[in-house]
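Visitor: So in numbering that gives the first Met the number 0, the last one in the sequence shown is 335, and the numbering has no gaps at all. I have a structure I would like to understand better, so I am pasting it below and will then ask my questions one at a time.
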Amino acid sequence: MSPVVPPPPGVLEARMAELTGRHVPFVKATVVRARRPASARPGDTALVLSDGRIEGFVGGVCAEATVRVQALRTLRSGESLLLRISPRETADGTGEPVVEEGAVSVCNPCLSGGELEIFLEPLRPAPRVVVFGESPIARALLAFGPALGYAITSVSGADVLGAQAPAGTRAVVIASHGRDEERVLMAAVRAGVPYIGLVASPRRGAAVLAGLAHELDEEQRARVRTPAGLWIGARTPGEIALSILAEVVREVRSPSPPAEAAETAEAAATAGAVVPVTVVDPVCGMEVVAAEGGTPFSDAGGGRRRWFCRPACRDAYEKDPARYARAGAGSEAGAS
(Lines of atoms letter the chains of each structure in order from A and count residues from 1; the text may use other names and numbers.)
(Lines give C-alpha, C1' and ligand atoms only; values in the text may rest on other atoms or scores of the structure.)
Protein backbone atom coordinates (compact mmCIF):
# COMPACT_ATOMS: atom_id res chain seq x y z
CA MET A 1 0.00 0.00 0.00
CA SER A 2 1.41 3.40 -0.91
CA PRO A 3 2.00 5.79 2.01
CA VAL A 4 -0.63 8.40 2.74
CA VAL A 5 0.61 11.86 1.87
CA PRO A 6 -0.79 14.80 3.87
CA PRO A 7 -2.61 17.35 1.68
CA PRO A 8 -0.64 20.41 0.50
CA PRO A 9 -0.77 23.50 2.74
CA GLY A 10 -3.88 25.58 2.20
CA VAL A 11 -6.12 22.76 0.96
CA LEU A 12 -7.66 21.99 4.35
CA GLU A 13 -7.95 25.70 5.15
CA ALA A 14 -9.96 26.20 1.97
CA ARG A 15 -12.10 23.18 2.80
CA MET A 16 -12.76 24.51 6.31
CA ALA A 17 -13.85 27.85 4.87
CA GLU A 18 -16.19 26.07 2.47
CA LEU A 19 -17.78 23.94 5.19
CA THR A 20 -18.17 26.93 7.49
CA GLY A 21 -19.82 28.93 4.72
CA ARG A 22 -22.30 26.12 4.14
CA HIS A 23 -23.10 25.76 7.87
CA VAL A 24 -21.73 22.20 7.90
CA PRO A 25 -20.41 20.92 11.26
CA PHE A 26 -17.01 19.22 11.43
CA VAL A 27 -14.10 18.51 13.76
CA LYS A 28 -10.57 19.76 13.22
CA ALA A 29 -8.10 17.12 14.41
CA THR A 30 -4.50 18.22 14.91
CA VAL A 31 -1.58 15.99 15.95
CA VAL A 32 0.21 17.74 18.83
CA ARG A 33 2.57 14.92 19.86
CA ALA A 34 3.78 11.73 18.18
CA ARG A 35 6.01 9.01 19.64
CA ARG A 36 7.77 6.74 17.16
CA PRO A 37 7.04 4.55 15.40
CA ALA A 38 4.12 6.62 14.15
CA SER A 39 3.25 7.70 10.63
CA ALA A 40 1.81 11.04 11.76
CA ARG A 41 3.86 14.04 12.82
CA PRO A 42 3.04 17.03 15.02
CA GLY A 43 1.09 19.54 12.97
CA ASP A 44 -0.61 16.97 10.75
CA THR A 45 -4.28 17.87 10.47
CA ALA A 46 -7.52 16.30 9.31
CA LEU A 47 -11.19 17.21 9.22
CA VAL A 48 -13.78 14.74 10.48
CA LEU A 49 -17.24 15.22 8.97
CA SER A 50 -20.50 14.29 10.64
CA ASP A 51 -20.88 11.14 8.51
CA GLY A 52 -17.50 9.83 9.69
CA ARG A 53 -15.46 10.76 6.63
CA ILE A 54 -11.93 11.96 7.34
CA GLU A 55 -10.21 14.45 5.06
CA GLY A 56 -6.53 15.03 5.70
CA PHE A 57 -4.04 12.95 7.69
CA VAL A 58 -3.59 12.22 11.40
CA GLY A 59 -2.19 8.69 11.16
CA GLY A 60 -2.92 5.32 9.63
CA VAL A 61 -6.25 3.53 9.41
CA CYS A 62 -6.04 2.22 12.99
CA ALA A 63 -5.50 5.69 14.42
CA GLU A 64 -8.25 7.02 12.15
CA ALA A 65 -10.74 4.54 13.61
CA THR A 66 -10.18 5.90 17.13
CA VAL A 67 -10.13 9.51 15.95
CA ARG A 68 -13.45 8.97 14.15
CA VAL A 69 -15.17 7.63 17.30
CA GLN A 70 -13.95 10.38 19.60
CA ALA A 71 -14.33 13.21 17.08
CA LEU A 72 -18.01 12.47 16.51
CA ARG A 73 -18.55 12.51 20.26
CA THR A 74 -16.96 15.95 20.53
CA LEU A 75 -19.11 17.12 17.63
CA ARG A 76 -22.17 16.10 19.65
CA SER A 77 -20.96 17.65 22.93
CA GLY A 78 -19.39 20.75 21.40
CA GLU A 79 -16.40 20.48 23.76
CA SER A 80 -12.77 20.23 22.62
CA LEU A 81 -10.75 17.21 23.69
CA LEU A 82 -7.16 15.98 23.88
CA LEU A 83 -7.13 12.41 22.57
CA ARG A 84 -4.25 10.13 23.62
CA ILE A 85 -3.88 6.91 21.58
CA SER A 86 -1.49 4.13 22.60
CA PRO A 87 -1.16 0.37 22.00
CA ARG A 88 -0.46 -0.06 25.72
CA GLU A 89 -3.15 -0.94 28.23
CA THR A 90 -4.87 2.05 29.80
CA ALA A 91 -3.94 3.03 33.33
CA ASP A 92 -6.94 1.36 34.98
CA GLY A 93 -6.23 -1.97 33.27
CA THR A 94 -9.79 -2.47 32.06
CA GLY A 95 -9.14 -1.74 28.41
CA GLU A 96 -11.81 0.94 28.49
CA PRO A 97 -10.99 4.57 27.61
CA VAL A 98 -9.80 6.60 30.58
CA VAL A 99 -11.68 9.89 30.71
CA GLU A 100 -10.24 12.94 32.42
CA GLU A 101 -11.33 16.55 32.33
CA GLY A 102 -10.61 17.70 28.78
CA ALA A 103 -8.80 14.48 27.77
CA VAL A 104 -9.36 10.80 27.05
CA SER A 105 -6.80 7.99 26.78
CA VAL A 106 -7.61 5.06 24.50
CA CYS A 107 -5.84 1.73 24.07
CA ASN A 108 -5.57 0.88 20.38
CA PRO A 109 -4.03 -2.62 20.07
CA CYS A 110 -3.69 -2.31 16.30
CA LEU A 111 -1.11 0.50 16.43
CA SER A 112 2.44 -0.40 15.38
CA GLY A 113 3.90 0.66 18.71
CA GLY A 114 3.86 4.44 18.55
CA GLU A 115 1.68 6.86 20.47
CA LEU A 116 -0.29 9.89 19.37
CA GLU A 117 -1.84 12.88 21.07
CA ILE A 118 -4.43 14.63 18.92
CA PHE A 119 -6.39 17.77 19.73
CA LEU A 120 -10.00 17.54 18.62
CA GLU A 121 -11.78 20.85 18.07
CA PRO A 122 -15.47 20.67 17.12
CA LEU A 123 -16.50 23.49 14.82
CA ARG A 124 -20.27 23.66 14.76
CA PRO A 125 -22.19 26.33 12.85
CA ALA A 126 -23.96 28.99 14.84
CA PRO A 127 -27.63 28.00 15.20
CA ARG A 128 -29.61 29.86 12.58
CA VAL A 129 -32.84 31.58 13.63
CA VAL A 130 -35.09 32.95 10.88
CA VAL A 131 -37.40 35.80 11.89
CA PHE A 132 -40.40 36.70 9.75
CA GLY A 133 -41.93 40.12 10.30
CA GLU A 134 -41.01 43.73 10.94
CA SER A 135 -42.69 44.22 14.31
CA PRO A 136 -40.91 45.63 17.39
CA ILE A 137 -40.58 42.07 18.70
CA ALA A 138 -38.95 40.98 15.44
CA ARG A 139 -36.48 43.86 15.66
CA ALA A 140 -35.68 42.96 19.28
CA LEU A 141 -34.97 39.37 18.24
CA LEU A 142 -32.52 40.58 15.60
CA ALA A 143 -30.80 42.83 18.12
CA PHE A 144 -30.22 39.99 20.59
CA GLY A 145 -28.61 37.68 18.02
CA PRO A 146 -24.97 38.82 18.33
CA ALA A 147 -25.01 38.49 22.12
CA LEU A 148 -26.09 34.84 21.86
CA GLY A 149 -23.72 33.97 19.04
CA TYR A 150 -26.72 32.89 16.96
CA ALA A 151 -27.13 33.70 13.28
CA ILE A 152 -30.46 35.53 13.42
CA THR A 153 -31.70 36.73 10.06
CA SER A 154 -34.84 38.45 8.85
CA VAL A 155 -36.88 37.23 5.88
CA SER A 156 -39.79 38.82 4.10
CA GLY A 157 -41.62 35.83 2.61
CA ALA A 158 -42.26 32.10 2.90
CA ASP A 159 -40.56 31.58 -0.45
CA VAL A 160 -37.22 32.15 1.30
CA LEU A 161 -37.65 28.82 3.11
CA GLY A 162 -38.52 26.95 -0.07
CA ALA A 163 -38.89 23.21 0.21
CA GLN A 164 -36.06 22.99 2.73
CA ALA A 165 -34.90 25.40 5.42
CA PRO A 166 -31.38 26.82 5.01
CA ALA A 167 -28.69 24.58 6.49
CA GLY A 168 -28.32 25.01 10.23
CA THR A 169 -31.81 26.49 10.73
CA ARG A 170 -32.97 25.56 14.23
CA ALA A 171 -35.85 28.00 14.59
CA VAL A 172 -38.36 30.08 12.66
CA VAL A 173 -40.17 32.81 14.56
CA ILE A 174 -43.22 34.47 12.99
CA ALA A 175 -43.71 37.94 14.45
CA SER A 176 -45.66 39.69 11.68
CA HIS A 177 -48.92 40.31 13.59
CA GLY A 178 -51.17 38.54 11.10
CA ARG A 179 -49.37 39.23 7.83
CA ASP A 180 -48.79 36.07 5.76
CA GLU A 181 -48.52 33.94 8.91
CA GLU A 182 -50.19 30.86 7.44
CA ARG A 183 -47.83 30.65 4.45
CA VAL A 184 -44.73 30.88 6.62
CA LEU A 185 -46.05 28.42 9.20
CA MET A 186 -46.79 25.81 6.55
CA ALA A 187 -43.40 26.32 4.90
CA ALA A 188 -41.55 25.98 8.23
CA VAL A 189 -43.46 22.85 9.26
CA ARG A 190 -42.92 21.17 5.91
CA ALA A 191 -39.24 22.11 5.94
CA GLY A 192 -38.84 20.23 9.23
CA VAL A 193 -37.57 23.18 11.29
CA PRO A 194 -37.11 21.98 14.92
CA TYR A 195 -38.60 25.09 16.57
CA ILE A 196 -41.48 27.09 15.12
CA GLY A 197 -42.85 29.97 17.16
CA LEU A 198 -45.88 32.14 16.41
CA VAL A 199 -46.11 35.46 18.24
CA ALA A 200 -49.81 35.81 19.04
CA SER A 201 -52.22 35.79 21.94
CA PRO A 202 -53.45 32.34 23.04
CA ARG A 203 -56.82 32.95 21.45
CA ARG A 204 -55.53 34.25 18.11
CA GLY A 205 -52.79 31.63 17.94
CA ALA A 206 -55.33 28.84 18.41
CA ALA A 207 -57.52 30.37 15.70
CA VAL A 208 -54.60 30.53 13.25
CA LEU A 209 -53.77 26.86 13.81
CA ALA A 210 -57.42 25.84 13.55
CA GLY A 211 -57.54 27.57 10.17
CA LEU A 212 -54.68 25.37 8.97
CA ALA A 213 -56.48 22.12 9.75
CA HIS A 214 -57.08 21.49 6.05
CA GLU A 215 -53.34 21.92 5.27
CA LEU A 216 -51.58 20.44 8.31
CA ASP A 217 -52.50 17.42 10.41
CA GLU A 218 -52.85 17.55 14.18
CA GLU A 219 -49.29 16.42 14.85
CA GLN A 220 -47.87 19.07 12.52
CA ARG A 221 -49.97 21.83 14.10
CA ALA A 222 -48.84 20.71 17.56
CA ARG A 223 -45.24 21.52 16.58
CA VAL A 224 -46.04 25.23 16.46
CA ARG A 225 -45.40 27.03 19.77
CA THR A 226 -47.98 29.73 20.34
CA PRO A 227 -47.79 31.99 22.17
CA ALA A 228 -44.09 31.73 21.40
CA GLY A 229 -41.71 31.96 24.33
CA LEU A 230 -41.35 30.75 27.91
CA TRP A 231 -43.64 32.26 30.50
CA ILE A 232 -41.60 34.89 32.38
CA GLY A 233 -44.25 37.57 32.69
CA ALA A 234 -42.87 39.40 29.64
CA ARG A 235 -44.68 42.55 28.52
CA THR A 236 -42.37 44.75 26.43
CA PRO A 237 -41.12 43.77 22.95
CA GLY A 238 -37.64 43.22 24.37
CA GLU A 239 -38.90 41.02 27.19
CA ILE A 240 -41.05 38.97 24.82
CA ALA A 241 -38.07 38.53 22.48
CA LEU A 242 -36.01 37.37 25.46
CA SER A 243 -38.65 34.77 26.40
CA ILE A 244 -38.74 33.48 22.81
CA LEU A 245 -34.96 33.16 22.60
CA ALA A 246 -34.94 31.36 25.95
CA GLU A 247 -37.30 28.80 24.45
CA VAL A 248 -35.10 28.54 21.34
CA VAL A 249 -32.02 27.97 23.53
CA ARG A 250 -33.84 25.16 25.32
CA GLU A 251 -34.65 23.57 21.95
CA VAL A 252 -31.08 23.94 20.67
CA ARG A 253 -29.53 22.47 23.82
CA SER A 254 -31.98 19.61 24.31
CA PRO A 255 -30.76 16.30 22.80
CA SER A 256 -33.15 14.05 20.91
CA PRO A 257 -34.64 11.15 22.91
CA PRO A 258 -32.73 7.87 22.26
CA ALA A 259 -35.76 6.27 20.60
CA GLU A 260 -35.78 9.04 18.01
CA ALA A 261 -32.02 9.13 17.42
CA ALA A 262 -32.00 6.97 14.29
CA GLU A 263 -34.87 8.87 12.68
CA THR A 264 -33.39 12.30 13.40
CA ALA A 265 -29.72 11.56 12.65
CA GLU A 266 -29.70 13.43 9.33
CA ALA A 267 -31.46 16.48 10.76
CA ALA A 268 -29.22 16.41 13.83
CA ALA A 269 -26.09 16.32 11.67
CA THR A 270 -27.26 19.37 9.75
CA ALA A 271 -27.76 21.23 13.00
CA GLY A 272 -24.53 20.01 14.59
CA ALA A 273 -26.08 17.63 17.08
CA VAL A 274 -24.46 14.42 15.92
CA VAL A 275 -25.49 11.05 17.37
CA PRO A 276 -22.61 8.63 16.64
CA VAL A 277 -23.37 4.92 16.63
CA THR A 278 -20.50 2.66 17.71
CA VAL A 279 -19.92 -1.08 17.56
CA VAL A 280 -17.09 -3.45 18.49
CA ASP A 281 -14.69 -4.83 15.89
CA PRO A 282 -15.16 -8.63 16.37
CA VAL A 283 -11.51 -9.31 15.45
CA CYS A 284 -9.48 -6.89 17.59
CA GLY A 285 -12.16 -5.65 20.02
CA MET A 286 -11.75 -1.98 19.16
CA GLU A 287 -14.67 0.42 19.29
CA VAL A 288 -15.45 1.80 15.84
CA VAL A 289 -18.11 4.00 14.25
CA ALA A 290 -20.79 2.14 12.30
CA ALA A 291 -20.80 4.47 9.32
CA GLU A 292 -19.95 3.98 5.68
CA GLY A 293 -17.92 7.21 5.71
CA GLY A 294 -14.58 5.41 5.90
CA THR A 295 -15.20 2.49 8.30
CA PRO A 296 -14.53 -0.93 6.69
CA PHE A 297 -17.46 -3.34 6.91
CA SER A 298 -18.50 -6.81 5.80
CA ASP A 299 -21.79 -8.64 5.24
CA ALA A 300 -20.08 -12.05 5.23
CA GLY A 301 -21.42 -14.76 7.49
CA GLY A 302 -25.04 -13.68 7.24
CA GLY A 303 -26.95 -11.80 9.87
CA ARG A 304 -26.11 -8.22 10.67
CA ARG A 305 -23.35 -6.17 9.10
CA ARG A 306 -19.97 -6.15 10.89
CA TRP A 307 -17.67 -3.14 11.15
CA PHE A 308 -13.88 -3.06 11.51
CA CYS A 309 -11.09 -0.69 12.47
CA ARG A 310 -9.06 -1.54 9.35
CA PRO A 311 -9.18 -3.68 6.20
CA ALA A 312 -6.82 -6.27 7.75
CA CYS A 313 -9.35 -7.05 10.49
CA ARG A 314 -12.14 -7.26 7.92
CA ASP A 315 -10.09 -9.65 5.77
CA ALA A 316 -9.36 -11.88 8.78
CA TYR A 317 -13.07 -12.00 9.60
CA GLU A 318 -14.12 -12.86 6.06
CA LYS A 319 -11.73 -15.84 5.99
CA ASP A 320 -13.60 -17.45 8.90
CA PRO A 321 -16.72 -15.54 10.05
CA ALA A 322 -17.82 -18.37 12.38
CA ARG A 323 -14.63 -18.02 14.40
CA TYR A 324 -15.50 -14.46 15.33
CA ALA A 325 -19.24 -14.95 15.77
CA ARG A 326 -18.95 -15.23 19.54
CA ALA A 327 -16.51 -12.32 19.77
CA GLY A 328 -18.88 -10.18 17.76
CA ALA A 329 -21.94 -11.01 19.85
CA GLY A 330 -21.61 -7.71 21.70
CA SER A 331 -21.15 -5.60 18.62
CA GLU A 332 -24.78 -4.63 18.14
CA ALA A 333 -25.02 -1.02 17.06
CA GLY A 334 -26.08 1.35 19.79
CA ALA A 335 -26.02 5.11 20.28
CA SER A 336 -22.93 6.06 22.23
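Built from N, CA and C at the ideal position, the CB exists for glycine as well.
Identify the residues that DSSP records as bridge partners of C106: which are they?
Guide: Beta-bridge partners of C106 (DSSP): S85.
Visitor: Are A142 and A174 close, meaning C-beta to C-beta below 7 Å?
Guide: no
Visitor: If you compare alpha carbons, which of P108, E114, L81, S85 is closest to E99?
Guide: Of the candidates P108, E114, L81, S85, the one whose C-alpha sits nearest the C-alpha of E99 is L81.
Visitor: Drop a sphere of 10 angstroms on the beta-carbon of A240, count the other beta-carbons inside from all chains shown, and report buried for 16 or more, exposed for fewer.
Guide: buried
Visitor: Run through DSSP, which three-state label would V198 get?
Guide: If DSSP states are grouped into helix, strand and coil, V198 belongs with coil.
Visitor: Under 6 Å: does the beta carbon of A227 sit that close to some heavy atom of the ligand ZN?
Guide: As presented, the structure is devoid of all ligands, the ligand ZN included, so that no description of it is given.
Visitor: Measuring alpha carbon to alpha carbon, tell me which of A212, G58, K27 ends up nearest P36.
Guide: G58
Visitor: Is it buried or exposed, T235, if we count other Cβ atoms within 10 angstroms and call 16 or more buried?
Guide: T235 is exposed by the Cβ-count criterion.
Visitor: Below 7 Å CB to CB, which residues in the same chain sit around T73 once its five sequence neighbours on both sides are set aside?
Guide: V26, S79, L80, L119, P121.
Visitor: Is it buried or exposed for G228, if we count other Cβ within 10 angstroms and need 16 for buried?
Guide: buried
Visitor: Pull up the DSSP beta-bridge partners for P32, would you.
Guide: Rather than Pro, the amino acid found at residue 32 in this sequence is Arg. According to DSSP, R32 bridges with E116.
Visitor: Kindly indicate if chain D contains any beta-carbon less than 7 Å away from that of S104.
Guide: In the displayed structure, chain D is absent; only one protein chain is listed.
Visitor: Pick helix, strand or coil for R67, following the three-state DSSP scheme.
Guide: Three-state DSSP puts R67 in a helix.
Visitor: Does A190 come out as helix, strand or coil in the three-state DSSP assignment?
Guide: coil
Visitor: Bridge partners for V288 per DSSP, in chain order?
Guide: Bridge partners of V288: T277.
Visitor: Measuring alpha carbon to alpha carbon, tell me which residue in S85, A102, P320, P41 is nearest A70.
Guide: A102
Visitor: Give me the residue from A39, V30, V47 with the minimum Cα distance to R14.
Guide: V47
Visitor: Quick one: measure Cβ to Cβ for R169 and V198, integer angstroms, because I've assumed they're closer than 8 Å.
Guide: Actually they are not in contact, since the Cβ atoms of R169 and V198 sit about 17 Å apart, beyond 8 Å.
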